[in-house]
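Enquirer: Each residue of the sequence shown is one higher than the one before, counting from 66 in this note's numbering. Every residue, glycine too, gets a C-beta built ideally from N, C-alpha and C. Note that the coordinates shown come from a computational prediction; the quantities given were computed from them, not determined experimentally.
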Amino acid sequence: MRPSDTDTHLGHGDPAAGARHEKPAAGAVHEPPAAVRAALLVLCDGRFPAGGHAHSGGAEAAVKAGRIRDADDLAAFCRGRLHTTGLTAAGLAAAAAFGHDPFALDAAADARTPSPALRATSRKLGRQLMRAARAAWPAPGLDALASVFPRGAHQPVVLGTAARAAGLGPEDAAHCAAYEAVGGAATAAVRLLSLDPFRATAVLARLAPEMDQVAARAAGLARMGVDDLPAASAPLLDIWAEQHAAWPVRLFAS
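(1) Suppose the cutoff is 8 Å on Cβ atoms and the five residues either side in sequence are ignored; what does the same chain contact list for residue 126 look like?
(2) Would you list, in sequence order, the uninterrupted alpha helix (DSSP H) runs of no fewer than 4 residues that lie entirely inside the segment 106 to 174?
(3) Of all the options 103, 129, 128, 148, which has the alpha carbon lying nearest to the alpha carbon of residue 245?
(4) DSSP on residue 261, reduced to helix/strand/coil?
(5) Less than 8 Å between the C-beta atoms of residue 194 and residue 213, yes or no?
(6) Check the C-beta distance from residue 299 over to residue 145 and give it rounded, since I have them as a contact under 8 Å.
(7) Within 10 Å of its beta-carbon, does residue 202 have 16 or more other beta-carbons around it, so buried, or fewer, so exposed?
(8) With distance defined between alpha-carbon atoms, name the residue in 303, 275, 294, 255 nearest to residue 133.
(9) Below 8 Å, how does it come out for the segment 167 to 178 and the segment 283 to 298: are there three or more Cβ pairs, yes or no?
(10) Which residues bound the alpha helix (DSSP H) around residue 316?
(11) Whose C-beta lies closer than 7 Å to the C-beta of residue 283 among residues of the same chain, with five residues either side of it excluded?
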């Protein structure tokens, strides 16, 4: 695996020894028809009952640490998160949408998530997303993944499998993961700081070109196989997640 991920203010690329190389079933990123593309709006909708509203993506701990105080800080936090854990999640989601081996992908997600608290959160969110996805897009792939991981596969793996079940392509799955990487933090900041929601939304809008870049890069690497997936890390997010999990009182689950 190549150490090709660039450093950011949150962390640095830290490739993890991973799972075996799998050949993609689809062969290349494809462009889904317009009738199917609307499914992406459903999957990315904050009202989709996948449990994400209860999680801040590390923003709550960052606020307490004084790292997020205003919209400018939020933009810096989201940018760092997008290019580290967001890129990694987007790669895993795209690989699942390609149809790579879900066992290898789940192991790869474990290797890329050093924090026990974040591993538990990822599997919990994966389990909740699985319930919603199976109701929305019943498919053998979702059923098989749920039977193998009854306590929850990692959320990006479930996300990519759900996207595949909905007829979406790998880059669509990567776009959804990239948006989730920053959308939850922006929404949480509004509640945590009484931040102007217009300014929080502007942060997301200005990050849109970078989300596109991250999604395209993630899908390109996912096409090459599990061993080539990005493994960018954000050590501060890992540390904050462990601290946050020990708080007796908190607004968000993570």
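Expert: Reading it off the structure:
(1) By 1-based counting over the sequence shown, the position of residue 126 is 61. So the qualifying residues of the chain are 305, 306, 308, 309.
(2) 124 to 129, 136 to 146, 152 to 163
(3) The count along the sequence shown starts at 1 and reaches residue 245 at position 180. Closest option to residue 245, Cα to Cα, is 148.
(4) For the purposes of this step, residue 261 is identified with residue 196 of the sequence shown, where counting begins at 1. Looking at residue 261 - three-state DSSP - the assignment turns out to be coil, as it is neither helix nor strand.
(5) By 1-based counting over the sequence shown, the position of residue 194 is 129. By 1-based counting over the sequence shown, the position of residue 213 is 148. Contact: no.
(6) Counting from 1 along the sequence shown, the entry for residue 299 is found at position 234. Counting from 1 along the sequence shown, the entry for residue 145 is found at position 80. At roughly 7 Å, the Cβ-Cβ gap stays under 8 Å, so residue 299 and residue 145 are in contact.
(7) Walking along the sequence shown from the start, residue 202 turns up at place 137. Residue 202 is buried by the Cβ-count criterion.
(8) To locate residue 133, count along the sequence shown from 1; it is residue 68. Residue 133 has its Cα closest to that of 255, out of 303, 275, 294, 255.
(9) yes
(10) By one-based count along the sequence shown, residue 316 stands at place 251. Unbroken run through residue 316: none, as it is neither H nor E.
(11) As a position in the sequence shown, residue 283 is number 218, starting the count at 1. Counting only Cβ-Cβ distances below 7 Å, and skipping sequence neighbours, we find 152, 155, 156, 159, 239, 295.
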